[in-house]
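Residue numbers (the numbering used here): 872 to 1205.
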């Protein structure tokens, strides 16, 4: 059932942006939720549709129309979930490779969303009817840790934390080539590739978004007959753009091994992998309700760990960081 709320701007509230003011009123779960309603025309100021940038004035009448929840036609499916943590607000799970997060073209069933519905829990609705509970995504062939929100308040809070970059997400990637420095930063805007809409790229355009990735080298491997060597890196996301690590590593001429879109596409150079060597191994954030810091580590799945063990004879040595992290990512320690 739809709801309509009215708020009269008080003197002390005058001068605030519309989205900021609405994000702080009792009936709104977050500023991001307010922005969505404003952008879709569900907020009127003195009877007129206003933008989120509108500067409020004392005495203005703000009407907020909250549309009824749309019934989802998604069907629950009995798909196993590797849940690492669950409470009344959220779930932390490890997503396997080859699992799509939410329905999309060509993937209308068998997704993580269908599995979550089959888990028989309530889920946040702020991302739309086809993305219940989703806070962030992993690519189909990227494995590792993900958060899922079980209500709108938690979904809004975690989404805001992502935007404010207070959630720590770290990945392990094996990339082509020899990376000389032990650490680096890639700060390059990402947007749709103008020649291939299926791909992202470093694009200077008004629609591109700032994207920042840092990396630390863990281990380097000598070149062989079919390759130019490999480097094992830990990547940290400061933004969360589509294909960000994959595009940034390709941009610096070190594409992820096994990447079908941005990689070398040579079976022997890709070590026979049928997925990209990219795994979200570390996730840390403050719980929106308890304010407790939660931290999780997910070692490499056996498939990726096996390829690293096979490369061991070609190792050119590990860095200090590599010596520290390898027992963790290989599963010998947590």
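Ideal Cβ placement from N, Cα and C applies to all residues, glycine included.
Only a predicted model underlies this, so the values are computations on that prediction, with no experimental measurement involved.
- Inclusion of residue 994 and residue 966 in the CB contact set at 8 Å is not warranted, their separation being larger than that value.
- Rounded to whole angstroms, the gap between the alpha carbons of residue 1086 and residue 1054 is 5 Å.
- 8 Å or more divides the Cβ of residue 1148 from the Cβ of residue 1016.
- Excluding the 5 residues flanking it on each side, residue 1062 has same chain C-beta neighbours closer than 6 Å at 1074, 1076, 1078 and 1079, in chain order.
- Looking at 909, 877 and 1202, the one whose alpha-carbon comes closest to that of residue 1153 is 1202.
- Judged by DSSP in its simplified three-state form, residue 1171 adopts coil rather than helix or strand.
- Secondary structure at residue 1115: helix, using DSSP grouped into helix, strand and coil.
- Minimum Cα-Cα distance from residue 883 among the listed residues 905, 892, 1135 and 877 corresponds to 892.
- Taking C-beta separations shorter than 7 Å and ignoring five residues to either side along the sequence, the partners of residue 1182 in its chain run 1092 and 1101, following chain order.
- Rounded to the nearest angstrom, the gap between the Cα atoms of residue 1171 and residue 1014 is 9 Å.
- A direct Cα-Cα distance of roughly 13 Å separates residue 1069 from residue 977.
- A contact between stretches requires three or more CB pairs, one per stretch, nearer than 8 Å, and the segment 1041-1051 meets this requirement with the segment 1120-1132.
- For the pair residue 960 and residue 1159, the CB atoms are nearer than the 8 Å cut-off.
- Counting only runs that start and end inside the segment 979-1004, the alpha helix (DSSP H) elements of at least 4 residues fall at 983-989.
- For residue 891, the enclosing alpha helix (DSSP H) starts and ends at 889-894.
- Residue 910 and residue 918 have their C-alpha atoms spaced approximately 16 Å apart.
- Residue 1137 sits exposed, since fewer than 16 C-beta atoms from the chains shown fall within 10 Å of its C-beta.
- Listed as beta-bridge partners of residue 964 by DSSP are 954 and 1017.
- Assignment of residue 882 by DSSP, reduced to helix, strand and coil, places it in the helix class.
- Taking 8 Å as the cut-off, the beta carbon of residue 914 is found no closer than this to the beta carbon of residue 904.
- Burial check for residue 1112: the Cβ neighbour count within 10 Å reaches 16 or more, so the residue is buried.
- Only exposed fits residue 924, as fewer than 16 other CB atoms lie within 10 angstroms of its CB.
- By the Cβ-count criterion, residue 1173 is exposed, with fewer than 16 other Cβ atoms from all chains shown falling within 10 Å of its own Cβ.
- In the same chain as residue 1186, and ignoring 5 residues on each side of it, the C-beta atoms closer than 7 Å to its own belong to 1090 and 1092, in chain order.
- Judged by DSSP in its simplified three-state form, residue 1071 adopts strand.
- The beta-carbon distance between residue 1133 and residue 1146, rounded to whole angstroms, is 13 Å. This is too long to meet the 8 Å contact definition.
- Assigned with DSSP and collapsed to three states, residue 1025 falls in helix.
- Residue range 902-910 is occupied by the alpha helix (DSSP H) that includes residue 903, with no beta strand (DSSP E) assigned at that position.
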